[in-house]
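Per my numbering, residue 2 is the first one in the sequence shown, and the count goes up by one each step. Encoded as structure tokens, the structure appears first; notes follow it.
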Amino acid sequence: MMHYDRLAASDPDVRALISAEDERQRTGLELIPSENHTSPAVLEALATTFSDKYAEGYPGRRYYSGNAVADKLETLVQDRAKALFGVPYANVQPYSGSPANFAVYVATCEPGDPIMGLDLPDGGHLTHGWKFSATAKLWTSIPYHLKPDGSFDFDEIARLAKEHRPKIIWCGGTAVPRAIPFAEFATIADEVGALLVADISHIAGLVAGGQHESPVAHAHLITTTTHKTLRGPRGAMILVTEKGLAKDADLASKIDKAIIPGLQGGPHLNTISGIGVALHEAAAPEFKEYARRVVENAQALSSSLIAHGFTLISGGTDNHLLLVDLRPTGMGRGKLMQDALERVGLYANMNTVPQDPHPLRPSGLRLGTPAATTRGMGPNEMERIAEWITKVRDHLTDIQVPEDKEERKAVMRAFSDRLSTDTFYADMKKDVEAFCAGFPVPALT
């Protein structure tokens with residue numbers, strides 16, 4: 002457990018908020034698939050004097066003095082990333098996933114160039130060219146889609162690629178419960194001369210742990226965050242593959258220049274040190290077992306929810322996440338379920354489902370098992386969680402979300418009041434807290 006004696010004396014307000022967040026995590030359960038619990042070692046690496054140092058540039062090519070140690074740190078972390086994923090180049094400076102993806106555009110595209118990515122309502126990411134993202138304003142976005150069964154529509158992808166000749170094709174997403182067939186994407190990208198960029202932010206830990214195919218043989222570039230299944234701090238990496246360098250020998254240099262001076266200034270060395278620790282942990286044999294259990298738990302949760310009458314996009318999962326389709330019980334129910342589950346200490350997130358007519362009031366619920374698995378839970382616990390989710394669903398059957406905006410506001414206000422007064426939620430929250438007490442958060446023990 003981290004100790005904050007000096008912080009408590011210096012700033013009791015911030016210390017109190019940290020304590021409140023510790024308590025929220027300790028007594029509740031993170032089921033949002035993009036969230037996880039880092040190890041105490043990663044947290045310790047974040048709280049060091051590396052946060053004091055400016056290190057604009059790259060090892061051996063800094064703009065400031067005093068970076069001999071910083072050079073060793075960044076080189077070490079680069080080497081760990083290259084070894085773990087089997088690539089010749091790694092940039093570990095991106096502040097997070099969106100800046101990393103933006104750097105790929107800056108490095109490889111001219112303004113207005115066509116790009117292709119999975120449409121956000123179908124499970125894609127904002128930065129893959131969603132219409133409200135800056136990426137769709139600066140480049141010409143051609144979204145592709147999933148089939149109604151949740152699989153990739155490769156006929157559409159091939160047709161759009163041949164028609165528009167995109168500079169980049171993104172593969173990956175934020176709500177894709179099935180394995181990503183990188184080879185099929187590569188065939189299309191190679192045919193039209195596009196760069197294939199695999200965004201593995203969600204599945205990086207599964208790739209490292211041998212539970213998902215690696216994109217290294219198929220993609221030219223790989224981007225990933227470091228804080229999801231990889232269990233590191235909130236940061237990101239850009240990897241260039243041998244295939245990428247064969248297509249463009251200057252690709253690594255272009256990525257470096259896109260990060261600095263193109264987009265960022267000094268890297269956050271304390272974050273890079275935390276990434277290094279996470280990569281070291283991911284290279285250990287026990288991480289493979291962790292990755293296996295993440296998938297096992299996701300499939301157990303999926304099976305349990307289906308047995309309780311839920312509809313899942315694609316009918317299940319191959320990875321760490323599952324996407325529940327709530328449309329059979331009414332449209333726009335994602336927020337109802339999200340808020341009701343939060344009230345009892347189960348944290349999930351509302352999410353669009355394929356062909357969702359209302360992306361801003363979605364009809365899906367996204368669930369994941371990385372954090373629960375980190376806390377030591379297994380398939381039996383997934384059944385218990387599924388039972389709670391089912392009880393919450395059944396408790397909401399009398400509420401429907403109207404199409405009319407004013408009527409909808411009134412319904413949601415009444416629902417919010419009900420969350421604080423209905424003893425159903427208070428009683429279940431006690432059960433969840435007692436359950437979670439048996440599975441401590443690593444950094445809080």
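Glycine included, C-beta positions come from ideal geometry on N, C-alpha and C. Only a predicted model underlies this, so the values are computations on that prediction, with no experimental measurement involved.
Between Arg-328 and Val-402, the C-beta spacing is not below 8 Å.
With distances taken between CA atoms, Lys-410 lies nearest to Arg-362 out of Arg-362, Lys-392, Ile-204 and Asp-423. Around the beta carbon of Val-15, a 10 Å sphere encloses fewer than 16 other beta carbons of the protein chains shown; the residue is thus reported as exposed. With fewer than 16 other Cβ atoms inside 10 Å of its own Cβ, Lys-73 counts as exposed. Between Pro-441 and Ile-260, the gap from beta carbon to beta carbon reaches 8 Å or more. Per DSSP, the continuous alpha helix (DSSP H) segment holding Met-383 begins and ends at 380-396. Nearest neighbour of Leu-337 by Cα position, chosen from Pro-13, Ser-305 and Phe-416, turns out to be Phe-416.
Taking all protein chains shown into account, Ser-303 has 16 or more neighbouring C-beta atoms within 10 Å of its C-beta and is therefore buried.
Proximity of the stretch 256-276 to the stretch 81-101 meets the contact definition, three or more beta-carbon pairs being nearer than 8 Å.
Contact annotation: the stretch 344-352 touches the stretch 28-37, with at least three C-beta pairs closer than 8 Å. For the stretch 221-266, the continuous beta strand (DSSP E) assignments of 3+ residues that do not extend past its boundaries occur at 222-226 and 237-241, in sequence order.
Per DSSP, the continuous beta strand (DSSP E) segment holding Pro-115 begins and ends at 115-119. For Ser-152, the number of other beta carbons within 10 angstroms of its own is below 16, and it is reported as exposed.
Between Ala-195 and Ala-162, the gap from beta carbon to beta carbon is short of 8 Å. Using a Cβ distance threshold of 8 Å, His-38 and Arg-376 count as a contacting pair. For Met-351, the enclosing beta strand (DSSP E) has its first and last residue at 350-352. Gly-233 is not a Cβ neighbour of Arg-293, given a cutoff of 8 Å. Just so you know, the alpha carbons of Asp-357 and Tyr-65 end up roughly 50 Å apart. Exclusion of the five residues before and after His-213 leaves Ala-180, Ile-204, Leu-207 and Asn-320 as the residues of its chain whose Cβ lies within less than 7 Å of its Cβ.
With respect to the C-alpha of Val-70, the residue from Asp-53, Leu-240 and Ile-143 having the closest C-alpha is Asp-53. Phe-155 sits in a helix when the DSSP states are folded into three classes. Ranked by how close their Cα comes to the Cα of Leu-119, the residues Ile-400, Asp-395, Glu-388 and Val-354 have Val-354 in first place. Straight-line measurement puts the Cα of Ser-20 at about 14 Å from the Cα of Ala-10. With respect to Val-241, Ala-253 sits close: the two C-beta atoms are nearer than 8 Å. According to DSSP, residue pairing for Cys-172 in a beta bridge involves Ala-199.
Using a 10 angstroms sphere on the CB of Thr-175, the tally of other CB atoms reaches 16 or more, which defines it as buried. The beta-carbon distance between Phe-183 and Cys-172, rounded to whole angstroms, is 6 Å. This is short enough to meet the 8 Å contact definition. Minimum Cα-Cα distance from Ser-99 among the listed residues Arg-235, His-146, Tyr-59 and Ile-33 corresponds to Arg-235. Burial check for Met-2: the Cβ neighbour count within 10 Å stays below 16, so the residue is exposed. In this structure, Asp-123 is the residue among Arg-166, Asp-123 and Leu-342 with its C-alpha nearest to the C-alpha of Leu-147.
Secondary structure at Glu-408: helix, using DSSP grouped into helix, strand and coil.
Each of Ala-299, Glu-297 and Leu-366 was checked against the Cα of Val-325, and the nearest Cα belongs to Leu-366.
Under the three-state reduction of DSSP, Thr-312 is assigned to strand. Burial state of Ser-421 is exposed, judged by a 10 Å Cβ sphere holding fewer than 16 other Cβ atoms.
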